[in-house]
Structures are given as structure tokens and as C-alpha cells.
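Novice: The opening residue of the sequence shown carries number 4 in the numbering used here; numbering runs sequentially from there.
Ideal Cβ placement from N, Cα and C applies to all residues, glycine included.
Dropping the structure in here first, questions after.
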Amino acid sequence: MIKKILISFLFIFIVSCGFQPMLKDFDVSSLVIKQINYTGKNEFNYMLQNNLNLNQKPNSEGFIVNLATSESISSVTKDTAGITTEEQITISIGLNVQDHMQNTLLTDTVSESSRLQVTSNLGTDDTTKNIVRQKIITNLAQKIKFKLMILSKR
């Protein structure tokens, strides 16, 4: 009974305090980007470009965004024979945002990791790695969009 009262009180407090998500009404199309530069593995850049879905306006006074992708794969666990049974994939994206006069506004790195099982079937392992990479790139693209939106609100 006390839990229900406490939860009700907390809910009423949060609703009445005026809380509003910061980027609820933000439209990505209102983000003015002069140029986007991608470096790194072409496969990652293509996935990142599709997930970000940002429009460039070359003759504008918008942001210049530089994105550098990198991947590292490391062996996490091995069996008694020394064969890798689990790998960790880490994808990092270096983010550098400049204004139209090339003054640096933001320099950051976002990264995410995932562990996956390694089997003796190379085809299945490659498919699994590609799926994991796609999920990681999608998550990192959301983080980059969020950082760009906050930067544009300043």
C-alpha cells in the first residue's frame, strides 16, 4: 500500500514539475550542415551515412562534421585447446564538429562494444558479425545525432 502511494506521489510530482524532454520537438531537417566528411572503413561509413540521414547544404553557414570510424576485434575467451570461443567487437567513431569558419565546436569519440560467440562455421560467424556491426553503428548514429542536436540548440 505504501509503495502504491509513493509511486502515485512520485508520478504526480514528475507530471506537475514541468518536465519536458529536451529534444522532443526537435526536427533533424532543421539541422544545418555544410559538409560531412567520412574517413575509415567504407562499409562502416555507408552504414553510418544511412543511419544518420543528414542533409548537406553546401552553400550554407552550417556545421562541418568530420567522422572517423574504426573497429577492433579482440579475443575474450578461449577453450582449453586455445581456440577462441568469444570475441569482442568495438566500433569507435571520432566526431569533430566545426562551424562554417572552421572553429572547433566539439571533439568527441563515441564507441560501443558487443561480445559474440565464435563457432566453427565461418559463414554463420561472418553473418553474425555483420548483424552486430549494424546494431552498433545504429546505436552510435543515434548518439551522434543527439550530440549534434544539443550543439545546434546552443
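Could you check whether ASN62 and THR42 sit closer than 9 angstroms to each other, using their CB atoms as the reference points?
Specialist: Residue numbering aside, residue 42 sits at position 39 when the sequence shown is read from its first letter. Residue numbering aside, residue 62 sits at position 59 when the sequence shown is read from its first letter. Contact flag unset, no.
Novice: With a threshold of 6 angstroms on Cβ separation, who are the neighbours of ILE97 within its own chain once the five nearest residues in sequence on each side are excluded?
Specialist: As a first step, residue 97 is located in the sequence shown; it is residue number 94 there, counting from the start. A small correction: the amino acid at residue 97 is Gly; Ile does not occupy that position in the sequence shown. Taken in chain order, the residues that qualify are ALA71 and THR112.
Novice: Decide if ALA84 is buried, meaning its Cβ has at least 16 other Cβ atoms within 10 Å, or exposed.
Specialist: By one-based count along the sequence shown, residue 84 stands at place 81. ALA84 comes out exposed.
Novice: Under DSSP, the alpha helix (DSSP H) around THR127 begins and ends at which residues?
Specialist: As a position in the sequence shown, residue 127 is number 124, starting the count at 1. 125-156 is the span of the alpha helix (DSSP H), which, as asked, contains THR127.
Novice: Counting beta carbon pairs with one atom in the segment 39-59 and one in the segment 134-143, are three or more of them shorter than 8 angstroms?
Specialist: Touching, yes.
Novice: State the start and end residues of the unbroken alpha helix (DSSP H) segment that holds LEU51.
Specialist: The residue given as residue 51 occupies position 48 in the sequence shown. First-last of the alpha helix (DSSP H) with LEU51: 45-55.
Novice: Can you tell me whether DSSP reads LEU34 as helix, strand or coil?
Specialist: Sequence index remark: in the sequence shown, residue 34 carries index 31 (1-based). Coil at LEU34, not helix or strand.
Novice: Closest to ASP128 by C-alpha separation, out of MET4, TYR49 and THR87, would be which residue?
Specialist: For the purposes of this step, residue 128 is taken as residue 125 along the sequence shown, with counting starting at 1. Among MET4, TYR49 and THR87, the Cα nearest to that of ASP128 is on THR87.
Novice: Bridge partners of SER73, per DSSP?
Specialist: Position 70 of the sequence shown holds residue 73. Paired residue(s): SER95.
Novice: What does the Cβ neighbour count give for PHE12, buried or exposed, with the cut at 16 atoms within 10 Å?
Specialist: The residue labelled residue 12 in the question sits at position 9 within the sequence shown. Classification of PHE12: exposed, given that the 10 Å Cβ count is below 16.
Novice: If VAL135 sits next to ILE76, beta carbons under 8 angstroms apart, how far is it from one beta carbon to the other, in whole angstroms?
Specialist: Looking up residue 135 in the sequence shown gives position 132. Looking up residue 76 in the sequence shown gives position 73. The Cβ separation is near 10 angstroms, so there is no contact.
Novice: Which of helix, strand or coil does DSSP assign to ILE67?
Specialist: Counting from 1 along the sequence shown, the entry for residue 67 is found at position 64. Of the three classes helix, strand and coil, the one that applies to ILE67 here is strand, per DSSP.
Novice: Among ARG118, GLN105, VAL18 and GLU64, which residue has its Cα nearest to the Cα of ILE94?
Specialist: Taking the first residue of the sequence shown as 1, we reach residue 94 at position 91. The option with the nearest alpha carbon to ILE94 is ARG118.
Novice: Alpha carbon to alpha carbon, how far is ILE8 from ILE147?
Specialist: Translated into the one-based positions of the sequence shown, residue 8 becomes position 5. Translated into the one-based positions of the sequence shown, residue 147 becomes position 144. One C-alpha to the other measures close to 40 angstroms.
Novice: What do you get for PHE16, buried or exposed, if any count of 16 or more other CB atoms within 10 angstroms of its CB means buried?
Specialist: Along the sequence shown, one-based indexing puts residue 16 at 13. It counts as exposed.
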